[in-house]
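Notes follow once the structure below has been shown.
Numbering (this note's numbering), first residue to last: 59 to 997.
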């Protein structure tokens, strides 16, 4: 146990008095430094060596005055000597040291003066010997007091993950795998952390044991580790009296961390070096939240994809725990801090809170939540301590600590991360205990470990959460369940999802994360006070999933209490993943006001809006969901998908293929039309198709090459050939039925006049989804939606910021791209109510202005024109004029944000739908395999 700061300060004053007249380096330097370490109650012989031989970069030899490997290098001079030169001399020794032995601190002295250089932070501190006691806390790393302020994405976290990943890979490749490897790594992680944070004293105890007691070839390392683990699991009074002194210096840990006996791993020289490289990091700088990223770094990519594993930065975790509980507790603390009885009552409250992460992974959310709770408790204790001092009743503040890891619960499907989560909570507990020690000047630790978090290794979607912690006892549910889309789930994951959703209609389209929402809603029913918050992909608040998930959640009495709208989430692991996410806080209780966090861009900082209500689309508007409608709610033209050939690609061609066909078959020219998929439309790519619906039998007979293509289409639809592979195709029942009419498309949408084309998928980076009028002699594919009756007025409204705000709020997503649909987006869109002739004319004029601005750049594609970085100012101005005209038709002059526009549109939607006749129950429709002909197929 380290000495108290008061005692250390007293010793520093005595030390300075004793050495105030000394000046000879040769005579007394070693005694000086032995006495210096004794100020902190540390025996220098246990940690540092004098006169360490070293080779400089130029090949010359030298001796380091004092070296504490990996921590401190001291260069000492006689009184009055140049300390700048001493520092340069110290740096000259660095090339001769192994990376893991490079010091963080360099200390130079001439007896009378000290200069301490922190090589990590770049900070330098200079002071006289007589003032040592005033600067004594700079040497917390010697005393065993060292707490850190962790920085998001700190490079040392990444280095730690990489080094442990290399050790994992070496052991795994050598056949030491599975459970025993995972347990071994968890124990090694604890030892690495323990030796740099004062759990093991002195620092580097674990590293020194490996370096000094194991063979360089690693042959006996596994046995030594097994022996060490036994020692760490044995109370001092139960250890053999003749136990090796170096082993006997390790503390008793308990906590069942070292209970299980493992078969010793066989190490070699490379593995030993990798372990020592890991030891070389200063693990006191590493946030326990890194253990999630560490776990991800040592999983293979296939396992990572299957588990849907994503790990957030601390910054993103704080976005969730702040509005979930921390902000409220801090506000409550500010109100009661002036009252000693209320402080005690508040303290009891936070010590009784319980938290569950039902997809905890390596415990990132639990770790940060616990750390923040403990830091709040420290502020409470400090306030109570001051009140006690004022009342003359000062007691040891360490006795006031009540919060502990047993307030935290987790469920994790994989064993290794479950063990990491358990460990990480102990480690953050120790880190905060270091702060207690620093704050109150007396050491405080919780060894042996007596309490632990409850982390259950199991499938959270199959077990009863009440078996982990009864709902009646719980306060908060939090976390980031797996990000697995509906179409990417394994068979087991789909079974788990449907096991939770039961008979919920439409459950097949839901992402996996929705199962946690539904299970949390069911679990929390007996305790309405439970508050929940999950990080999720934004797909659950957009598109067709909204009606399925949130229709059920609202029916169960769930309210959204706070939310972060879409932002870009970055994780901390190797191969950083970026995902578009939302955070949704929910529960049965209504709260007021509700907090809604909006983002100007995906990567910007959030700004907070106090909302009257947050609906499932994360907008300040009443609760409702959008049904998948077959017809628009307003009197506007219907839209549907474009042509759907199901031709195996035999009727579609590039310009080169078109030229080749016409060389062989000149008569085919009359049947070739320009073909537009979404890519062709946006990027002005030339593609063509054979449109044979009007070809007579005699014309077809006269074109043998075309007849060969028709025969390939027929055989493709029969399942006989595949255009891409040449192997048997996978035709469905509808394709088989179409084989009898190989010259016709499955869905045919042929316009008599110009038609409006809307790409079904478009980049989320564009300010608008580019739409356009197409000539009637062209054909649009089913990658687009089309309207054969749209006018410039309809085009203008659909190309406005008003319409795009609606699209961004309600459309589905393909990855992160907009997924425009008829049923959810277009058919539910509330158009201006009865615009006058002048308003329609103003919109049509502004719409033509947009088309004219595009036409002014004939060599630019729509993708170029609507790229935010290359969009011409003339086109920007044309859209601004269009927005003014559309806003005026809605009776509004100015909107300040998308959120304001969508809230307005939702109000209008509710008004419009309240006037619609009640929907009649539909009779079951027989499934047929006939061609849709000229009818529309909704998307």
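By construction, the Cβ of each residue, glycine as well, lies at the ideal position given by its N, Cα and C atoms.
Practice task
Pick out the complete alpha helix (DSSP H) segments inside the segment 666-705, 4 residues or longer, and give them in chain order.
Solution key: none
Exercise for the section: Compute the Euclidean distance between the alpha carbons of residue 914 and residue 863, then round it to the nearest angstrom. Expected result: Here the question's residue 914 lines up with position 856 in the chain shown. Here the question's residue 863 lines up with position 805 in the chain shown. For residue 914 and residue 863, the distance between alpha carbons rounds to 27 Å.
Handout entry: Short Cβ contact (7 Å threshold) for residue 337 with residue 409
Key = Reading the chain shown from its first residue, position 279 is the one you call residue 337. Reading the chain shown from its first residue, position 351 is the one you call residue 409. Contact flag unset, no.
Exercise for the section: Using DSSP bridges, identify the partner residues of residue 595. Expected result: Mapped onto the chain shown, residue 595 falls at position 537. DSSP lists 639 as partners of residue 595.
Practice task
Please state whether DSSP places residue 741 in a helix, a strand or coil.
Solution key: For this step, residue 741 is matched to residue 683 along the chain shown. Residue 741 falls in the helix class under three-state DSSP.
Handout entry: Among 546, 579, 578 and 581, the one whose alpha carbon lies nearest that of residue 566
Key = The residue labelled residue 566 in the question sits at position 508 within the chain shown. Ranking 546, 579, 578 and 581 by Cα distance to residue 566 puts 546 first.
Exercise for the section: Buried or exposed for residue 237, please, with buried defined as at least 16 other CB atoms from any protein chain shown within 10 angstroms of its CB. Expected result: Along the chain shown, read from residue 1 onward, the residue named residue 237 stands at position 179. The residue in question, residue 237, is exposed, as its Cβ has fewer than 16 Cβ neighbours within 10 Å.
Handout entry: Selected residue, minimal CA-CA separation from residue 925, among 867, 822 and 306
Key = As a first step, residue 925 is located in the chain shown; it is residue number 867 there, counting from the start. Sorting 867, 822 and 306 by C-alpha distance to the C-alpha of residue 925 places 822 at the top.
Handout entry: Local conformation of residue 749 per DSSP, three classes
Key = Counting from one through the chain shown, the residue named residue 749 turns up at place 691. Coil.
Exercise for the section: Identify which residue in 540, 485, 470 and 528 has its Cα closest to the Cα of residue 518. Expected result: Position 460 of the chain shown holds residue 518. Checked all of 540, 485, 470 and 528; the closest Cα to residue 518 is 470.
Handout entry: C-alpha distance - residue 676 paired with residue 829, whole-angstrom precision
Key = Numbered from its first residue, the chain shown carries residue 676 at position 618. Numbered from its first residue, the chain shown carries residue 829 at position 771. Near 27 Å, if we compare the C-alpha coordinates of residue 829 and residue 676.
Exercise for the section: Go ahead and pull the three-state DSSP assignment for residue 708. Expected result: Mapped onto the chain shown, residue 708 falls at position 650. DSSP places residue 708 in coil when its eight states are reduced to three.
Exercise for the section: Would you mind working out which of 136, 92 and 152 sits nearest residue 119, comparing C-alpha positions? Expected result: Translated into positions along the chain shown, residue 119 becomes position 61. Comparing Cα-Cα distances from residue 119 to each of 136, 92 and 152, the minimum goes to 152.
Practice task
Kindly indicate which residue of 128, 190 and 104 has the alpha-carbon position closest to the one of residue 67.
Solution key: Looking up residue 67 in the chain shown gives position 9. Nearest neighbour of residue 67 by Cα position, chosen from 128, 190 and 104, turns out to be 190.
Problem - Cross-strand partners of residue 820 (DSSP beta bridge) - result: By 1-based counting over the chain shown, the position of residue 820 is 762. Per DSSP, 876.
Exercise for the section: On a CA-only basis, which of 182, 464, 156 and 463 is nearest residue 334? Give me that one, please. Expected result: Numbered from 1 along the chain shown, position 276 holds the residue referred to as residue 334. Nearest option by C-alpha distance: 156.
Exercise for the section: Work out the CA separation of residue 705 and residue 363 for me, nearest whole Å. Expected result: Residue 363 sits at position 305 when you count from the first residue of the chain shown. Residue 705 sits at position 647 when you count from the first residue of the chain shown. Low confidence applies to residue 363: its pLDDT is 40, below 50, so where it sits in the model is not reliable, and the reading given next is rough at best. Roughly 34 Å separates the two Cα atoms.
Exercise for the section: Return yes when the C-beta of residue 857 is under 6 Å from any heavy atom of the ligand COA, and no when it is not. Expected result: In the structure shown, the ligand COA is absent, as is every other ligand, since no ligand is present at all.
Practice task
Closer than 6 Å by C-beta to residue 998: which residues in its own chain qualify, once you throw out the five before and the five after it? Chain order, please.
Solution key: An answer regarding residue 998 cannot be provided, because it is not within the stretch 59 to 997 covered by the chain.
Practice task
State the DSSP-derived secondary structure class of residue 135, mapped to helix, strand or coil.
Solution key: What you label residue 135 is simply residue 77 of the chain shown in a count that begins at 1. If DSSP states are grouped into helix, strand and coil, residue 135 belongs with coil.
Practice task
Give me the Cα-Cα distance between residue 436 and residue 404, rounded to the nearest whole angstrom.
Solution key: Translated into the one-based positions of the chain shown, residue 436 becomes position 378. Translated into the one-based positions of the chain shown, residue 404 becomes position 346. For residue 436 and residue 404, the distance between alpha carbons rounds to 13 Å.
Exercise for the section: With a threshold of 16 other CB atoms inside 10 Å of the CB of residue 235, please say whether the residue is buried or exposed. Expected result: The residue labelled residue 235 in the question sits at position 177 within the chain shown. Flag for residue 235 reads exposed.
Problem - residue 419 beta carbon less than 7 Å from that of residue 475 - result: Locating residue 475 in the chain shown gives position 417, counting from the first residue. Locating residue 419 in the chain shown gives position 361, counting from the first residue. Going by C-beta atoms, residue 475 is nearer than 7 Å to residue 419.
Exercise for the section: Measuring alpha carbon to alpha carbon, tell me which of 646, 548 and 595 ends up nearest residue 581. Expected result: As a first step, residue 581 is located in the chain shown; it is residue number 523 there, counting from the start. Of the candidates 646, 548 and 595, the residue whose Cα lies closest to the Cα of residue 581 is 646.
Practice task
Could you tell me whether the Cβ atoms of residue 272 and residue 278 are closer together than 7 Å?
Solution key: On the chain shown, residue 272 is found 214 positions in, with the first residue counted as 1. On the chain shown, residue 278 is found 220 positions in, with the first residue counted as 1. Yes.
Practice task
Could you check what DSSP says for residue 904 in three-state terms: helix, strand or coil?
Solution key: In the chain shown, counting from the first residue as 1, residue 904 sits at position 846. Three-state result, residue 904: helix.
Practice task
Can you have a look at residue 879 and say buried or exposed, based on whether 16 or more other CB atoms are within 10 angstroms of its CB?
Solution key: Your numbering for residue 879 matches position 821 in the chain shown. Buried is the call here.
Exercise for the section: In angstroms with no decimal places, state the Cα-to-Cα distance between residue 574 and residue 852. Expected result: For this step, residue 574 is matched to residue 516 along the chain shown. For this step, residue 852 is matched to residue 794 along the chain shown. Straight-line Cα distance between these residues: approximately 41 Å.
Exercise for the section: Provide the residue span of the beta strand (DSSP E) that contains residue 512, from first to last. Expected result: Stepping through the chain shown from its first residue, residue 512 is reached at position 454. 512-515 is the span of the beta strand (DSSP E), which, as asked, contains residue 512.
Practice task
Could you please give me the residues that DSSP links to residue 169 through a beta bridge?
Solution key: If you number the chain shown from 1, residue 169 lands on position 111. Bridge partners of residue 169: none, in fact.
Handout entry: Selection from 309, 301, 290 and 298 that minimises the alpha carbon distance to residue 318
Key = The sequence position of residue 318 within the chain shown is 260, counting from 1. Measuring from the Cα of residue 318, the nearest candidate turns out to be 290.
Problem - Counterpart residues of residue 966 in DSSP-defined beta bridges - result: Numbered from 1 along the chain shown, position 908 holds the residue referred to as residue 966. DSSP lists no partner for residue 966.
Problem - Cut-off 6 Å between Cβ atoms - residues of its own chain near residue 700, not counting five sequence neighbours on either side - result: The residue labelled residue 700 in the question sits at position 642 within the chain shown. Correct list, in chain order: 807, 838, 839, 840, 842 and 844.
Exercise for the section: Could you tell me whether the Cβ atoms of residue 48 and residue 594 are closer together than 7 Å? Expected result: Because the chain is modelled from 59 through 997, residue 48 falls outside the range shown and cannot be assessed.
Practice task
Check whether the Cβ atoms of residue 168 and residue 188 lie closer than 7 Å to each other.
Solution key: Reading the chain shown from its first residue, position 110 is the one you call residue 168. Reading the chain shown from its first residue, position 130 is the one you call residue 188. No; because the gap between Cβ atoms is not below 7 Å, this pair is not in contact.
Exercise for the section: Note down the Cα distance separating residue 181 from residue 163, rounded to an integer number of angstroms. Expected result: Against the chain shown, residue 181 aligns to sequence position 123. Against the chain shown, residue 163 aligns to sequence position 105. About 10 Å.
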